[in-house]
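Residue numbers (this note's numbering): 197 to 723.
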């Protein structure tokens, strides 16, 4: 059989399986199979080159493979033999190109097996150039689920290739609109498809439709009208929020109802968030994939768990909350080292993880909602004499929240203890989360249409254009900043808040009342 060229290995119009695999087959020696490896949230192309040579039987994998990739030779050998094929008694070299790109996971099992079968002539005359393969192989030839299928399907679709994925990843791959991905359950199914003997199941985009999640309703919260207003302002502009108050003031209840105030994700946002969860091996519900991700790590979480990292960098909680909410309850119980890691993603919306041989970037545009007590015992400033903490104790407790971190949080909200008698009063029916969500959606849509982004993302130049103040307002604001010793960052964040409040009222210009309300949301600066 004629040796294939390096550019068009095995390219012909029609293929077929060998009738009886045997040692008498002529070896084609070389095959090239396309696949992808996930680095960060990107799926980069990889060529699996399989070469069979005379000599003592051996199997070597080169091209920066990690342990799981090197161990694929055992899985591939078992799958090939148990499918009725012959495992070549040759010196087998598998090169994962480009060689300087790290390869991780078991996703290379399927392309390696296909490469060996084509190189050994047991699958004849197939066009491999139009396909990309990913999947882990069981010893009996079953194709098992892998992580990172969604970014792989995205990139494969953009490259105009047909991606073959495990059946268990079928719904995940179907999230890519107009995708031509195929799914299979067994190595033999893939081989028969390549040879035109049967068709694999195509992943269709009908699976992309989802149903909304029912969140707790804001009308269930008694009292705290100031906090409810702050939640709506935060939701309308995408602003971060910190609530501080004694135990039982409703901090956790309010935070749990924030997701119900936010609109559903757009298709692009949903794909971005789902891709990160796919890479991180987090099971996400396909039925509710357009709902904003909500992450609520325990306060024992490490810095790496929050922002991501590891020898093979994985996304942390801030990235898993991309386009959604990161809720940090008992904020002051987190380690200071972990909290300081939040400063960069709060400012830039990305996390850069540097390693000796490569850098990885994860998106981390999230809405921070945090809650904490005012002191170690929790009762400082609640109007009773229960707090026995000294001023030094309170300062030491709050020192975990550094000035630079607090500066990056837009809304600082102080909650006060509710009078038990007020809990039994018949107060006017408050608005439901659904009604507030409709207003928030309208405001967000208006901001995106006229400014191309939410107010929380306005740059310094855009703030000058959209948040202009008249002379009297500027004089008032300057005096406030001097009295509270506000930084330039806090100055800009207050202006963004005032712009959001004005947008909620449909005002073109920021009024003094809007500015005053925005300043009022910096309560911790006055403590």
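Using N, Cα and C, we set each Cβ at its ideal position, and we do this for glycine too.
Note that this is a predicted model, so its numbers are computed, not measured.
Every unbroken beta strand (DSSP E) within the stretch 591-646, with a cutoff of 3 residues, ordered by chain = Counting only runs that start and end inside the stretch 591-646, the beta strand (DSSP E) elements of at least 3 residues fall at 607-610.
request  = In angstroms with no decimal places, state the Cα-to-Cα distance between residue 376 and residue 399.
outcome  = For the pair residue 376 and residue 399, the Cα-to-Cα distance works out to about 7 Å.
key: Any beta strand (DSSP E) of 3 or more consecutive residues that is wholly inside the stretch 362-401   = For the stretch 362-401, whole beta strand (DSSP E) runs of length 3 or above, ordered along the chain, are 378-380.
ask   = Start and end of the beta strand (DSSP E) containing residue 230?
value = In the DSSP annotation of this structure, the continuous segment of the beta strand (DSSP E) that includes residue 230 starts and ends at 226-235.
ask   = Can you tell which of 487, 555, 717, 561 has the C-alpha that lies nearest to the C-alpha of residue 238?
value = Distance check between residue 238 and each of 487, 555, 717, 561 places 555 closest, using alpha-carbon atoms only.
Beta carbon of residue 455 nearer than 8 Å to that of residue 490 = Residue 490 is positioned such that its CB atom lies closer than 8 Å to that of residue 455.
task = Grab me the residues of residue 493's own chain with a C-beta within less than 6 Å of its C-beta, minus the 5 sequence neighbours each way, in chain order.
result = Closer than 6 Å at the Cβ level, and outside the excluded window around residue 493, lie 513.
task = Indicate whether the contact test is met: 3 or more Cβ pairs, each with one atom in the stretch 346-363 and one in the stretch 330-337, closer than 8 Å.
result = They touch, by the three-pair rule.
key: Residues of its chain near residue 672, where Cβ-Cβ distance is below 6 Å and the 5 sequence neighbours each way are ignored   = Same-chain partners within the cutoff: there are none.
request  = Give a yes or no on contact between the stretch 580-596 and the stretch 252-265, applying the rule of three or more CB pairs nearer than 8 Å.
outcome  = Judged by Cβ distances under 8 Å, the stretch 580-596 makes no contact with the stretch 252-265, as fewer than three pairs qualify.
query = residue 354 to residue 372, Cα distance in whole Å?
reply = Approximately 10 Å between the Cα atoms of the pair.
query = Ordered along the chain, which non-local residues of its own chain (more than five positions away) have a Cβ less than 8 Å from that of residue 298?
reply = Shown here for residue 298: same chain residues with a beta carbon closer than 8 Å to its own, the five before and five after excluded, namely 233, 235, 260, 262, 508, 553, 554 in chain order.
message = For residue 543, which residues in the same chain have their Cβ closer than 8 Å to its Cβ, ignoring the five residues on either side in sequence?
response = Answer for residue 543: 604, listed in chain order.
message = I need the straight-line Cα distance from residue 458 to residue 435, nearest angstrom please.
response = Each residue's alpha carbon lies about 12 Å from the other.
inquiry  = Our contact map puts residue 633 next to residue 579 with C-beta atoms below 8 Å; I'd like the distance itself, whole angstroms only.
reply    = The pair is not a contact, with the Cβ atoms about 34 Å apart (cut-off 8 Å).
ask   = Hey, is the stretch 249-257 in contact with the stretch 343-350, meaning 3+ C-beta pairs nearer than 8 Å?
value = The stretch 249-257 vs the stretch 343-350: no contact.
query = Thinking C-beta only, is residue 397 closer than 8 Å to residue 383?
reply = Contact flag unset, no.
ask   = By DSSP, does residue 431 sit in helix, in strand, or in coil?
value = DSSP, read as helix, strand or coil, puts residue 431 in helix.
Between the CA atoms of residue 486 and residue 351 - distance to the nearest angstrom = The C-alpha of residue 351 lies about 20 Å from the C-alpha of residue 486.
query = Ordered along the chain, which non-local residues of its own chain (more than five positions away) have a Cβ less than 6 Å from that of residue 659?
reply = Within the same chain, residue 659 has close Cβ partners 688, 691.
task = For residue 299, name the three-state secondary structure that DSSP assigns.
result = Looking at residue 299 - three-state DSSP - the assignment turns out to be strand.
ask   = For residue 335, does the count of other Cβ atoms within 10 angstroms reach 16, so buried, or fall short, so exposed?
value = Counting Cβ neighbours within 10 Å, residue 335 comes out exposed, since fewer than 16 surround it.
message = Tell me the rounded alpha-carbon separation between residue 470 and residue 560.
response = One C-alpha to the other measures close to 13 Å.
task = Rounded to whole angstroms, what's the CA-CA distance from residue 288 to residue 644? Just pull it up for me.
result = When rounded, the distance between both Cα atoms is 56 Å.
query = Got a sec? Which residues, its chain only, sit under 6 Å from residue 438 by beta carbon, not counting five neighbours each side?
reply = Within the same chain, residue 438 has close Cβ partners 566, 605, 608.
query = Beta carbon of residue 357, beta carbon of residue 326: below 8 Å?
reply = Yes, the Cβ-Cβ distance between residue 357 and residue 326 is below 8 Å.
query = Counting pairs of beta carbons, one from the stretch 587-597 and one from the stretch 638-657, are three or more of them closer than 8 Å?
reply = With a cut-off of 8 Å, the stretch 638-657 and the stretch 587-597 do not count as touching, because too few Cβ pairs lie within range.
inquiry  = Taking the beta carbon of residue 674 as the centre, do at least 16 other beta carbons fall within 10 Å, making it buried, or is it exposed?
reply    = Taking a 10 Å sphere around the C-beta of residue 674, we find fewer than 16 other C-beta atoms and assign the residue as exposed.
query = Among the residues of its own chain, which have a CB less than 7 Å from the CB of residue 669, if the five just before and after it don't count?
reply = The answer, listed in chain order, is 708, 711.
Nearest neighbour of residue 432, chosen from 230, 693, 504 [CA to CA] = Selected option, being the one with the closest Cα: 693.
ask   = Which term fits residue 276, buried or exposed, when burial requires 16 or more other beta carbons within 10 angstroms of its beta carbon?
value = Buried, because 16 or more other Cβ atoms sit within 10 Å of the Cβ of residue 276.
key: Host beta strand (DSSP E) of residue 278 (start-end)   = That residue, residue 278, is in no beta strand (DSSP E); its alpha helix (DSSP H) goes 268-278.
key: Cα-Cα separation between residue 270 and residue 369, rounded to whole angstroms   = Linking residue 270 to residue 369 through their CA atoms gives a straight-line distance of about 28 Å.
ask   = Going straight from the alpha carbon of residue 226 to that of residue 315, what length do you get?
value = Just so you know, the alpha carbons of residue 226 and residue 315 end up roughly 5 Å apart.
ask   = Cβ of residue 488 within 8 Å of Cβ of residue 461?
value = Taking 8 Å as the Cβ cut-off, residue 488 and residue 461 qualify as a contacting pair.
message = Please tell me whether residue 339 and residue 380 are closer than 8 Å, where the distance is taken between their beta carbons.
response = Yes; because the gap between Cβ atoms is below 8 Å, this pair is in contact.
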